[in-house]
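Okay, structure first, notes after.
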């Protein structure tokens, strides 16, 4: 048995030369080691088709007891998942089928029935990529068991929207990919906005609850940034600022997906009718080139004690509307067939928001 040394601590995004070297030189039972003394080691396995996979080895060094602890289960060692995704990459085999789910979970732990619902939804669609966006969540995506798919990224930002009573929750974007699909995670970032410091938020490093997380991907060779957003609930100007910050640094050939709780309630017209401003290109998001599908249902509604739609003081709109949706840019023409629907039956929804699912394809 031999050891292949990769002269870097860098894992996850392997250099092309490293991929070729591992594929061409590694044999069953060999070791791939990154960096020097504290570098992680992986054992090599080879299936009957000659496909190579890496598996994390338990380090026996004295230092690793203090510095190299990790939970090596499938949904925790994300860099290992990313490396195996690259080693198994079969290239662009036609269009990549993408599912996006966004779900504001109102700081509630989702029941087992709800987890099973989303697992079945994903499995039934034979998707190449799944983007699972959560707001005010306890990280439902981390509990999903998806055979044949790898969790490549879970970009998350701590929030505490209701104080100590509901505890710490997350705004997050989890990226799953079918094993062998042409998908690469290129970077993660976040933008946090709003005032913190109430109760224990400041001590926990939570200095604002709105904004979102950004995950930069490459799917079938196309650069796509996926944003899970939770925008301000009161002021259009604040939502616009948050949108601008989340769109900062986007390149001209890079497409963007924004999904989440966009907090755009329906607008009330002078004649008494109401309409969804998001799907009518009547929000700050339109200037960035996002296009949204009209939804089949509202995603949020709050009633007052008389059974009428609540109208909170300080807001210019009633507490009703299609707050949650998914929008795409399409500067390159490589994204096609966006379809979106509200998920409102078949599971136990303990949130005051309804989840929304969208599908589209990325040209091969």
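Numbering (the UniProt record's numbering), first residue to last: 1 to 364. Glycine residues also receive a C-beta, built at the ideal position from the N, C-alpha and C atoms.
Residue i bridges to which residues according to DSSP?
i: residue 131; result: 100, 175
i: residue 214; result: 189, 227
i: residue 155; result: 173
i: residue 56; result: 42
i: residue 257; result: 226, 328
i: residue 361; result: 97, 336
i: residue 284; result: Answer is none; residue 284 lacks a bridge partner.
i: residue 81; result: Residue 81 is not bridged to any residue.
i: residue 356; result: 102, 342
i: residue 219; result: 183, 222
i: residue 274; result: 268
Mapping the DSSP letters down to three states, classify residue i as helix, strand or coil.
i: residue 120; result: helix
i: residue 324; result: strand
i: residue 19; result: helix
i: residue 238; result: helix
i: residue 109; result: coil
i: residue 164; result: helix
i: residue 142; result: helix
i: residue 184; result: strand
i: residue 1; result: coil
i: residue 92; result: coil
i: residue 136; result: strand
i: residue 268; result: strand
i: residue 150; result: strand
i: residue 369; result: The chain is shown from 1 up to 364; residue 369 falls before or after that span and cannot be answered.
i: residue 68; result: With a pLDDT of only 49 at residue 68, under 50, the local geometry of the prediction cannot be trusted, and the value read off the model is given with reservation. Reduced to three states, the DSSP call for residue 68 is coil.
i: residue 8; result: coil
i: residue 51; result: coil
i: residue 243; result: helix
i: residue 114; result: helix
i: residue 208; result: coil
i: residue 262; result: coil
i: residue 14; result: coil
Which whole-angstrom value is the C-beta distance of residue i and residue j, which I expect to be below 8 Å?
i: residue 300; j: residue 314; result: That belief does not hold up - the Cβ atoms of residue 300 and residue 314 are roughly 17 Å apart, past 8 Å.
i: residue 151; j: residue 176; result: 6 Å
i: residue 264; j: residue 323; result: 6 Å
i: residue 107; j: residue 161; result: 7 Å
i: residue 267; j: residue 277; result: 5 Å
i: residue 228; j: residue 134; result: 7 Å
i: residue 169; j: residue 189; result: Contact flag wrong, Cβ pair sits at about 20 Å.
i: residue 230; j: residue 260; result: 6 Å
i: residue 42; j: residue 347; result: So it is not a contact: roughly 38 Å between Cβ atoms.
i: residue 213; j: residue 123; result: Rounded, the Cβ-Cβ distance is 25 Å, inconsistent with contact.
i: residue 119; j: residue 139; result: That pair is no contact at about 15 Å.
Quick one: what's got a C-beta closer than 8 Å to residue i's C-beta in the same chain, skipping five residues either side?
i: residue 255; result: 222, 223, 224, 225, 328, 329, 330, 331, 332, 334, 335
i: residue 197; result: Caution is warranted here: a pLDDT of 42 is assigned to residue 197, below 50, making its placement in the model unreliable, and no coordinate value can be reported.
i: residue 290; result: 256, 258, 327, 328, 329
i: residue 92; result: 182, 220, 221, 364
i: residue 73; result: Note on residue 73: pLDDT 49, under 50, position unreliable in the model; no value is reported.
i: residue 81; result: 74, 150, 151, 152
i: residue 96; result: 128, 129, 181, 182, 183, 219, 220, 361, 362, 364
i: residue 295; result: 276, 279, 322, 325, 340, 341, 342, 356
i: residue 179; result: 84, 85, 88, 148, 149, 150
Less than 7 Å between C-beta atoms, sequence neighbours within five positions excluded: which residues of the same chain meet that for residue i?
i: residue 303; result: 309, 310
i: residue 22; result: 4, 32, 52, 87
i: residue 28; result: 44, 45, 46
i: residue 39; result: 9, 33
i: residue 355; result: 101, 102, 103, 343
i: residue 274; result: 266, 267, 268
i: residue 16; result: none
i: residue 19; result: 86, 87
Once the 5 residues before and after residue i are set aside, which same chain residues still bring their CB inside 6 Å of it?
i: residue 282; result: none
i: residue 359; result: 99, 339
i: residue 194; result: 208, 209, 210
i: residue 174; result: 132, 141, 154
i: residue 79; result: 11, 12
i: residue 6; result: 18, 34
i: residue 238; result: 232
i: residue 1; result: 29, 30
(request) At 4 residues or longer, and completely inside the stretch 286-349: list those alpha helix (DSSP H) runs for me, N to C. (result) Runs found: none.
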